[in-house]
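Participant: Dumping the structure here so I can ask a few things about it.
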Amino acid sequence: MLILGLNMFHADASAAILRDGEIVFAIAEERLNRKKHYGGFPTLAIKACLEAAGAKISDVDHVAVGQDSDANLARKVQYALANPAKILNFIRMRQRKEAMRDVRLLLAKELEVDSTQLRFQEHHLEHHIAHIASAYYCSPWEKAAGFSYDGSGDFVSTMMARCEGNDIEVLDRVFLPHSLGTFYTMICEFIGYKKYGDEGKVMGLAPYGKETYSHQIREIVNLKNGNFQLDLSYFKPLGSNQGMEVLPDGTVRMARHFSERMQKRFGDPREPHTEILQRDMDLAFSMQQRFEEVFFHLLNELYKRVPIADLAMAGGCALNSVANGKLFKTTPFRRTWIQPAAGDEGLAIGAALHTYHSVLKQPRKPELKHSYLGPEFSDSRIEADLKKAGLRYQRLDRQPLLERVAEQVAAGNVVGWFQGRMEWGPRALGNRSIVAHPGLPNMKDVLNARIKHREWFRPFAPSILAEHQSEYFEHDHPSPFMLHVYKIRPEKRKELCAVNHVDDTGRLQTVARDENPLYYDLIRAFQRKTGIPVVLNTSFNENEPIVCAPEEAIDCFKRTKMDVLAVGPFLALKTEN
Ligand SMILES: [Fe+2]
15 MLILGLNMFH ADASAAILRD GEIVFAIAEE RLNRKKHYGG FPTLAIKACL
65 EAAGAKISDV DHVAVGQDSD ANLARKVQYA LANPAKILNF IRMRQRKEAM
115 RDVRLLLAKE LEVDSTQLRF QEHHLEHHIA HIASAYYCSP WEKAAGFSYD
165 GSGDFVSTMM ARCEGNDIEV LDRVFLPHSL GTFYTMICEF IGYKKYGDEG
215 KVMGLAPYGK ETYSHQIREI VNLKNGNFQL DLSYFKPLGS NQGMEVLPDG
265 TVRMARHFSE RMQKRFGDPR EPHTEILQRD MDLAFSMQQR FEEVFFHLLN
315 ELYKRVPIAD LAMAGGCALN SVANGKLFKT TPFRRTWIQP AAGDEGLAIG
365 AALHTYHSVL KQPRKPELKH SYLGPEFSDS RIEADLKKAG LRYQRLDRQP
415 LLERVAEQVA AGNVVGWFQG RMEWGPRALG NRSIVAHPGL PNMKDVLNAR
465 IKHREWFRPF APSILAEHQS EYFEHDHPSP FMLHVYKIRP EKRKELCAVN
515 HVDDTGRLQT VARDENPLYY DLIRAFQRKT GIPVVLNTSF NENEPIVCAP
565 EEAIDCFKRT KMDVLAVGPF LALKTEN
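FYI, the numbering for the sequence shown is 15 to 591, going by the working numbering.
Here it is as structure tokens:
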């Protein structure tokens with residue numbers, strides 16, 4: 015049985031395909047069409063899913079979309095009626111949603127087949143149920159608390175659920191305009207980070223700030239009886255799309271979120287690319303602090319209703335790895351399973367898994383232990399691309415390749431590491447990664463100057479052999495998808511100085527051998543040379559979506575000052591090219 019899951023006409027459009035409940039392949043459209051956060055129809059992603067499954071669209075039994083324009087309709091109507099200026103906007107959105115609702119016609123048109131050949135059953139699932147499904151059904155648990163939060167989806171910003179067996183029972187929803195994601199986005203915009211997805215950058219800025227504005231920022235989000243409400247006077251009234259719009263070319267555009275009141279209270283907003291002042295850092299600090307307070311408050315409420323120590327979580331805000339790393343101390347939850355694609359690309363997997371388990375009542379599957387669900391490329395294809403690019407390279411067997419790369423990293427060189435299947439979700443986890451020495455004081459500057467060109471305040475992340483985690487970090491809950499930030503132990507901070515953030519933390523990836531043997535063995539080889547069971551891992555890209563195909567990796571290697579490229583079994587050195 016084939017199920018195709020989709021996130022479409024929404025930021026981070028994506029597709030995923032299940033065969034008899036197993037995830038065969040999943041990918042965001044941006045990796046294929048190279049447009050970051052692309053929000054149109056995921057035509058290329060669908061084609062890649064079908065190719066990986068060796069199937070045609072006419073073979074697909076079910077198509078599941080992680081969006082349901084009818085969900086929470088009464089709430090949407092109520093909001094529109096209470097805000098007459100928004101009625102026209104509301105009607106336009108409904109018309110657009112209706113137009114995209116006929117998935118059959120869309121697929122027939124995009125894949126150039128006759129729609130009468132398509133025999134699949136169509137399913138639409140509410141946004142946040144799809145988020146929770148994307149985590150719970152991939153987890154090893156038969157029972158868990160389910161939590162999802164983001165800016166907005168199907169008019170909801172937060173959902174709590176009880177997950178048991180094949181079922182997800184929704185316990186509570188927070189409706190728009192109240193949204194913790196919108197709160198975070200609004201302050202990010204105010205301090206000059208206005209693009210979709212910029213929130214992750216500002217999370218890195220927060221620890222440079224102080225508590226100066228904590229009192230004032232607390233007033234913007236009020237806690238009440240296990241719930242929260244925004245003080246809307248700080249926000250511009252937004253349409254039912256909550257300030258985010260997908261343009262006809264698939265670009266995601268953000269509207270201004272903050273109101274005049276923010277300016278009266280905190281002065282003029284910072285313009286992008288101007289100097290970051292202490293005021294901006296302090297606002298970032300208090301924003302992250304308040305975000306965490308509300309998040310923990312909600313989780314404690316969830317635990318009261320579902321007293322199970324296992325938390326299945328997704329939604330764009332679940333990428334807040336700083337908050338995730340602290341929840342073990344501030345809530346009764348002891349284990350988390352967070353979907354690696356916690357943002358909206360994850361809806362494709364969530365909708366597909368929900369169809370399989372909840373709608374069709376099919377048995378649960380083993381835990382998803384890795385995120386390598388994307389494409390891979392044959393050695394012959396890689397070699398042809400290297401030749402086409404005119405690069406000098408060597409072909410090496412597995413062990414010599416690991417030794418050579420580890421030697422280069424130990425010598426302080428920067429290596430592009432392209433191996434196996436691409437990661438699903440926003441993090442590079444050792445298959446489309448740039449790796450470097452984590453203990454050289456200038457490595458962060460070197461990476462930024464030569465390749466990444468990121469803001470000075472953003473930290474780089476460590477990948478650590480799983481069995482060494484507690485020697486280096488103050489918490490031992492694993493973080494296989496790089497979704498937790500923990501304190502680095504004081505005695506190890508110098509050894510990991512290139513990945514030790516200003517608050518002595520690191521957003522770690524724990525690498526277990528059975529999850530990625532090649533990457534594990536690379537770190538092991540590096541450890542044999544340096545004594546450090548850790549490498550610095552950053553995504554393989556330069557201000558673009560993470561590289562997907564070998565030619566993109568080769569192009570990134572050629573255009574930047576990367577020292578070494580290890581692509582499949584082939585090794586190319588900048589000194590020879
Ligand atoms: Fe979402």
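For glycine and all other residues, C-beta sits at the position ideal for the given N, C-alpha and C.
Roughly how many angstroms separate the alpha carbons of lysine 543 and aspartate 535, rounded to a whole number?
Facilitator: 13 Å
Participant: Could you give the first and the last residue of the continuous alpha helix (DSSP H) run that contains leucine 32?
Facilitator: Where leucine 32 is concerned, there is no enclosing alpha helix (DSSP H), although the beta strand (DSSP E) it sits in stretches over 28-33.
Participant: Check whether the Cβ of glycine 582 sits closer than 6 Å to any heavy atom of ligand 1, and report yes or no.
Facilitator: no
Participant: Pairs of beta-carbons, one from the region 178-198 and one from the region 320-334, closer than 8 Å: are there three or more?
Facilitator: yes
Participant: So, helix, strand or coil for serine 385, using DSSP?
Facilitator: coil
Participant: Which residue's Cα is closest to the Cα of leucine 56: Leu415, Asn591, Asp358, Phe391?
Facilitator: For the record, residue 56 in the displayed sequence is proline; it is not leucine. Answer by Cα proximity: Asp358.
Participant: Measuring from the CB of aspartate 128, is there a heavy atom of ligand 2 at a distance below 6 Å?
Facilitator: This structure lacks ligand 2; its bound ligands are ligand 1.
Participant: For histidine 311, is the classification buried or exposed, using 16 other Cβ atoms within 10 angstroms of its Cβ as the cut-off for buried?
Facilitator: buried
Participant: Return yes when at least one heavy atom of ligand 1 lies under 6 Å from the C-beta of aspartate 84, else no.
Facilitator: no
Participant: Please report how far the alpha carbon of lysine 506 lies from the alpha carbon of glycine 545, in whole angstroms.
Facilitator: If I take the Cα positions, the gap works out to 12 Å.
Participant: Please determine whether the Cβ atom of aspartate 168 lies at a distance below 6 Å from any heavy atom of ligand 1.
Facilitator: no
Participant: Please state whether the Cβ-Cβ distance between alanine 158 and isoleucine 322 is less than 7 Å.
Facilitator: yes
Participant: Cβ atoms of serine 477 and asparagine 591: under 7 Å apart, would you say?
Facilitator: no
Participant: If we ignore side chains and look at the alpha-carbon of each, how far apart do glutamine 302 and phenylalanine 347 end up?
Facilitator: 20 Å
Participant: Look at the alpha carbon of serine 254 and the alpha carbon of phenylalanine 169, and state the distance between them as a whole number of angstroms.
Facilitator: Note that serine 254 has pLDDT 49, beneath the 50 cutoff, so the model's placement of it is unreliable and the number below is only indicative. Distance between the alpha carbons of serine 254 and phenylalanine 169 is about 7 Å.
Participant: Cutting at 8 Å between CB atoms, please list the residues of its own chain near phenylalanine 554, excluding the five before and the five after it.
Facilitator: Gly430, Trp431, Phe432, Ala442, Arg446, Ser447, Ile448, Ile560, Val561, Ala567, Cys570
Participant: Please report the straight-line C-alpha distance between glutamate 529 and proline 494, rounded to a whole angstrom.
Facilitator: 9 Å
Participant: I'd like the ranges of any beta strand (DSSP E) spanning at least 3 consecutive residues and lying wholly in the region 501-570.
Facilitator: The qualifying runs are 519-525, 548-553.
Participant: Report whether the distance from the Cβ of glycine 19 to the nearest heavy atom of ligand 1 is below 6 Å.
Facilitator: The answer is no for glycine 19.
Participant: Quick check on this structure: which residue in Asp84, Leu415, Tyr150 has the alpha carbon closest to the alpha carbon of leucine 167?
Facilitator: Residue identity check: residue 167 is glycine in the sequence provided, not leucine. When only C-alpha atoms are compared, the closest one is Asp84.
Participant: CA-CA distance, tyrosine 52 and valine 38?
Facilitator: 22 Å
Participant: Using alpha carbons as the reference points, say which of His491, Gln408, Asp263 lies closest to arginine 613.
Facilitator: The structure shown does not extend to residue 613, since the chain spans only 15 to 591, so no value can be given for it.
Participant: Starting from aspartate 186, trace the beta strand (DSSP E) both ways and give me its first and last residue.
Facilitator: Where aspartate 186 is concerned, the enclosing beta strand (DSSP E) stretches over 181-189.
Participant: May I have the straight-line CA-CA distance separating tyrosine 486 from leucine 16, to the nearest angstrom?
Facilitator: 43 Å
Participant: According to the neighbour-count rule (16 or more other Cβ atoms, all chains shown, within 10 Å of its Cβ), is arginine 338 buried or exposed?
Facilitator: Rather than arginine, the amino acid found at residue 338 in this sequence is asparagine. Buried.
Participant: For the region 401-410 and the region 519-526, state whether three or more C-beta atom pairs, one from each stretch, are separated by less than 8 Å.
Facilitator: Contact between the region 401-410 and the region 519-526 is absent, because fewer than three Cβ pairs lie under 8 Å.
Participant: Measuring from the CB of glycine 264, is there a heavy atom of ligand 1 at a distance below 6 Å?
Facilitator: Not so, every heavy atom of ligand 1 lies at least 6 Å from the Cβ.
Participant: Report the residue from His271, Met496, Ala539 whose alpha carbon sits nearest the alpha carbon of tryptophan 438.
Facilitator: Minimum Cα-Cα distance from tryptophan 438 among the listed residues His271, Met496, Ala539 corresponds to Met496.
Participant: Span of the beta strand (DSSP E) holding glutamine 135?
Facilitator: 135-138
Participant: My understanding is that leucine 479 touches arginine 538, with C-beta atoms under 8 Å, so please give their C-beta distance in whole angstroms.
Facilitator: 7 Å
Participant: Does the contact criterion of 3 or more C-beta pairs under 8 Å hold for the region 572-582 versus the region 387-400?
Facilitator: yes
Participant: Go ahead and label glutamate 315 buried or exposed: buried means 16 or more other beta carbons lie within 10 angstroms of its beta carbon, across all protein chains shown.
Facilitator: buried
Participant: Would you tell me roughly how many angstroms separate the C-alpha atoms of isoleucine 143 and aspartate 577, rounded to the nearest one?
Facilitator: 45 Å
Participant: In the DSSP output, what is proline 593 paired with across the bridge?
Facilitator: The shown model of the chain, from 15 to 591, leaves out residue 593, and the question about it has no answer.
Participant: In terms of alpha-carbon separation, which member of Phe134, Arg133, Ala25, Lys123 lies closest to glycine 80?
Facilitator: Ala25
Participant: Run through DSSP, which three-state label would phenylalanine 242 get?
Facilitator: Phenylalanine 242: strand per DSSP, three-state reduction.
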